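Novice: Using this note's numbering, you'd call the opening residue of the sequence shown number 2 and step up by one each time. Here's a structure for you.
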Amino acid sequence: KNRRRGKNENEEKRELIFKEDGQEYAQVMRMLGNGRLEAFCFDGTKRLCHIRGKMRKKVWVACGDIILVGLRDYQDSKADVILKYNPDEARNLKAYKEIPDSAKINEGAVNEDDDAAEDECAFTFDEI
Numbered sequence: 002k003n004r005r006r007g008k009n010e011n012e013e014k015r016e017l018i019f020k021e022d023g024q025e026y027a028q029v030m031r032m033l034g035n036g037r038l039e040a041f042c043f044d045g046t047k048r049l050c051h052i053r054g055k056m057r058k059k060v061w062v063a064c065g066d067i068i069l070v071g072l073r074d075y076q077d078s079k080a081d082v083i084l085k086y087n088p089d090e091a092r093n094l095k096a097y098k099e100i101p102d103s104a105k106i107n108e109g110a111v112n113e114d115d116d117a118a119e120d121e122c123a124f125t126f127d128e129i
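Right under this line is the structure:
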């Protein structure tokens, strides 16, 4: 029961995997639960992605992560998560111009309207 207490013990350097045909790089926009997430693929479309069984409960995917998705021939609006890139690998992909420079790597959640959220505060603070 307590066999996996620490973080990934197998954290050795792995070879950087590039996309092939039928695959695309994407950034996680939001987690939907039940092994699904919404991702913005760098070909310009939003897709509903499904985390494959091999990754479930072993690789934790969070908002803002760069992932590799396998596109479906029969459903363009859906895809399958094949691989999650760690931040170092994502920076290497950006350096190799595989993903666009506009992609934010470790910013957390991806918001479309960044400026509107910070300006609205319902409280006013008075000095004592």
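Ideal placement from N, C-alpha and C gives every residue a C-beta, glycine not left out. Predicted model only: the values in this text are computed from it and were never measured.
#1: Is the beta carbon of residue 50 sitting closer than 9 Å to the one on residue 96?
#2: Compute the beta-carbon to beta-carbon distance between residue 48 and residue 70, rounded to the nearest angstrom, for a pair I have assumed lies under 8 Å.
#3: Are the beta-carbon atoms of residue 65 and residue 20 separated by less than 9 Å?
#4: Assign residue 26 to buried or exposed, taking buried as 16 or more other Cβ atoms, counted over all protein chains shown, within 10 Å of its Cβ.
#5: Would residue 67 and residue 90 be called neighbours here (beta carbons separated by less than 9 Å)?
#6: At 4 residues or longer, what runs of the alpha helix (DSSP H) sit wholly inside the segment 29-111?
#7: Considering only the beta carbon of each residue, do residue 72 and residue 36 sit closer than 9 Å?
#8: Residue 66: beta carbon under 8 Å from a heavy atom of the ligand COA?
#9: Specify the secondary structure class of residue 21 as computed by DSSP and reduced to three states.
#10: What number of angstroms, rounded off, separates the C-alpha of residue 62 from the C-alpha of residue 128?
#11: Report the rounded CA-to-CA distance for residue 55 versus residue 125, giving the unit in angstroms.
#12: Just to confirm my understanding: we take residue 100, look at its own chain, exclude 5 residues before and 5 after, and list those with CB closer than 6 Å. What are they?
Specialist: Short version:
#1: Along the sequence shown, read from residue 1 onward, the residue named residue 50 stands at position 49. Along the sequence shown, read from residue 1 onward, the residue named residue 96 stands at position 95. Result no, Cβ atoms of residue 50 and residue 96 do not sit closer than 9 Å.
#2: Taking the first residue of the sequence shown as position 1, residue 48 is located at position 47. Taking the first residue of the sequence shown as position 1, residue 70 is located at position 69. For a cut-off of 8 Å, the C-beta gap from residue 48 to residue 70 is around 7 Å, short enough to register as a contact.
#3: Along the sequence shown, one-based indexing puts residue 65 at 64. Along the sequence shown, one-based indexing puts residue 20 at 19. No, the pair does not count as a contact, with Cβ atoms beyond the cut-off.
#4: Counted from its first residue, the sequence shown places residue 26 at position 25. Classification for residue 26: buried.
#5: Your numbering for residue 67 matches position 66 in the sequence shown. Your numbering for residue 90 matches position 89 in the sequence shown. Yes.
#6: 88-96
#7: Mapped onto the sequence shown, residue 72 falls at position 71. Mapped onto the sequence shown, residue 36 falls at position 35. Contact flag unset, no.
#8: You won't find the ligand COA in this model; it holds no ligand whatsoever.
#9: In the sequence shown, counting from the first residue as 1, residue 21 sits at position 20. Of the three classes helix, strand and coil, the one that applies to residue 21 here is coil, per DSSP.
#10: Walking along the sequence shown from the start, residue 62 turns up at place 61. Walking along the sequence shown from the start, residue 128 turns up at place 127. Cα to Cα, the separation comes out at about 43 Å.
#11: Mapped onto the sequence shown, residue 55 falls at position 54. Mapped onto the sequence shown, residue 125 falls at position 124. Approximately 50 Å, taken between the alpha carbons.
#12: The residue you call residue 100 lines up with position 99 of the sequence shown. Only 26, 43 and 94 meet the Cβ criterion.
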